[in-house]
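Participant:
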Amino acid sequence: MKDSSVKSIVLVAAFTALIIVGAIFSFPAPWNPVVPLTLATLFVVLTGMLLGPWRGLSAVGLYLFLGILGLPVFSGARGGFQIIAGPTGGFLLGYLPAVFLAGIIVRLGRGSLVSLITAAVVATLAIYLPGLPWMHYQLMGIVEDWSWASTWGKYTAPFLIGDALKAAAAVLIAEFLKDRIT
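Under the numbering used here, think of the first position of the sequence shown as 46, with each following residue one higher.
(1) Name, in chain order, the residues that DSSP records as bridge partners for Phe88.
(2) Give the single residue among Val89, Gly67, Ala143, Arg152 whose Cα lies nearest to the Cα of Asp224.
(3) If we ignore side chains and look at the alpha-carbon of each, how far apart do Ser50 and Ala209 end up?
(4) Quick one: measure Cβ to Cβ for Leu95 and Ile226, integer angstroms, because I've assumed they're closer than 8 Å.
(5) Beta carbon of Ala148, beta carbon of Gly198: below 8 Å?
(6) What number of angstroms, rounded off, separates the C-alpha of Pro142 from the C-alpha of Ser103?
(7) Pick out whichever of Gly186, Leu217, Trp76 has its Cα sitting closest to the Cα of Pro132.
(8) Quick one: grab the DSSP three-state call for Arg155.
(9) Which of the three DSSP states is assigned to Leu210 in this structure?
(10) Can you give me the Cβ contacts of Ser160 inside the same chain, cut-off strictly under 6 Å, excluding the 5 residues immediately before and after it?
(11) Specify, as a first and last residue, the run of the beta strand (DSSP E) that Phe70 falls within.
(12) Pair every Cβ in the segment 52–61 with every Cβ in the segment 100–120, then say whether three or more of these pairs are closer than 8 Å.
(13) Between which two residues does the alpha helix (DSSP H) carrying Ser195 extend?
(14) Would you report the Cα separation of Ile218 and Gly115, rounded to the nearest angstrom?
(15) Taking the straight line between their C-alpha atoms, what separation do you get for Ile172 and Thr196?
(16) Assuming Ser120 and Thr163 form a contact by the criterion Cβ under 8 Å, report the distance between their Cβ atoms to the nearest whole angstrom.
(17) If I measure Cβ to Cβ from Val90 and keep anything under 8 Å in the same chain, skipping five residues before and after, which residues do I get?
(18) In the DSSP output, which residue or residues are listed as bridge partners for Arg123?
(19) Return the chain-ordered list of same chain residues with a C-beta closer than 7 Å to the C-beta of Asn77, the five sequence neighbours on each side being excluded.
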């Protein structure tokens, strides 16, 4: 096995572990009983920035696979397909395009600060894009009088500041580590 193959395997495993740690150590949002506060999204964005699209996709794919198998890797140390099928499943599936897009953007921008910032914004939006409609339709059948305004007010707007801070942290960490990891 080549040194580069070993390095890739180690990096994918390490970043999968970071995502797991970021997800497991979560706590309920005071304003929202369904979506917990985690650092998983920070590590997903960072994974794409530092590992690139394909190794990043491998790390996130491994994370999701382990969770679907039932290992306690999702928020609150939960696992199983029911988590993917539940209200937050769209956000978890959004990790796949998020990590890939972050990796592509940083690669095309040659790791410049502008590419890191762009990647963080695009990746965060890529998580929301499947997450919000998925959650909306999941909760529409459970919560009486559920509307898009409810989805925005309870499940989007309150998280924007935290997600912006996590995106900014990912940019700062990636800027510091980009030449040390790859």
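Think of the CB as a built atom: it goes at the ideal place given N, C-alpha and C, for glycine as much as any other residue. On a predicted model such as this, the values are computed, not experimentally measured, just so you know.
Facilitator: Taking the definition as stated:
(1) The sequence position of residue 88 within the sequence shown is 43, counting from 1. Phe88 is not bridged to any residue.
(2) Taking the sequence shown and counting its residues from 1, one reaches residue 224 at position 179. Taking each of Val89, Gly67, Ala143, Arg152 in turn and checking the Cα distance to Asp224, the smallest one comes out for Arg152.
(3) Numbered from its first residue, the sequence shown carries residue 50 at position 5. Numbered from its first residue, the sequence shown carries residue 209 at position 164. Approximately 34 Å between the Cα atoms of the pair.
(4) For this step, residue 95 is matched to residue 50 along the sequence shown. For this step, residue 226 is matched to residue 181 along the sequence shown. Yes, Leu95 and Ile226 are in contact; Cβ-Cβ is about 5 Å, under 8 Å.
(5) Locating residue 148 in the sequence shown gives position 103, counting from the first residue. Locating residue 198 in the sequence shown gives position 153, counting from the first residue. Here residue 148 turns out to be Gly, not Ala, going by the sequence shown. For Gly148 and Gly198, no; Cβs fall outside 8 Å.
(6) Working through the sequence shown from its first residue, we reach residue 142 at position 97. Working through the sequence shown from its first residue, we reach residue 103 at position 58. One C-alpha to the other measures close to 12 Å.
(7) On the sequence shown, position 87 is the one that residue 132 refers to. Checking every option, the nearest Cα to that of Pro132 belongs to Gly186.
(8) Taking the sequence shown and counting its residues from 1, the one referred to as residue 155 is at position 110. Looking at Arg155 - three-state DSSP - the assignment turns out to be coil, as it is neither helix nor strand.
(9) Along the sequence shown, one-based indexing puts residue 210 at 165. Reduced to three states, the DSSP call for Leu210 is helix.
(10) As a first step, residue 160 is located in the sequence shown; it is residue number 115 there, counting from the start. So the qualifying residues of the chain are Ile150, Val151, Gly154.
(11) Your numbering for residue 70 matches position 25 in the sequence shown. From DSSP, Phe70 is part of no beta strand (DSSP E); its letter is neither H nor E.
(12) yes
(13) Numbered from 1 along the sequence shown, position 150 holds the residue referred to as residue 195. It spans 193–200 - the alpha helix (DSSP H) in which Ser195 sits, taken as one unbroken run.
(14) Here residue 218 is taken as the residue at index 173 of the sequence shown, counted from 1. Here residue 115 is taken as the residue at index 70 of the sequence shown, counted from 1. If you take the alpha carbons of Ile218 and Gly115, they lie about 31 Å apart.
(15) Taking the sequence shown and counting its residues from 1, the one referred to as residue 172 is at position 127. Taking the sequence shown and counting its residues from 1, the one referred to as residue 196 is at position 151. One C-alpha to the other measures close to 15 Å.
(16) The residue given as residue 120 occupies position 75 in the sequence shown. The residue given as residue 163 occupies position 118 in the sequence shown. No, Ser120 and Thr163 are not in contact; Cβ-Cβ is about 27 Å, not under 8 Å.
(17) Counted from its first residue, the sequence shown places residue 90 at position 45. Correct list, in chain order: Ala143, Val144, Ala147, Ala164, Ala165, Ala168, Thr169, Lys211, Ala212, Ala215.
(18) As a first step, residue 123 is located in the sequence shown; it is residue number 78 there, counting from the start. Arg123 is bridged by DSSP to Phe119.
(19) Start at 1 with the first residue of the sequence shown, and residue 77 comes out as number 32. Cβ neighbours of Asn77 beyond the five flanking positions: Lys199, Tyr200, Pro203.
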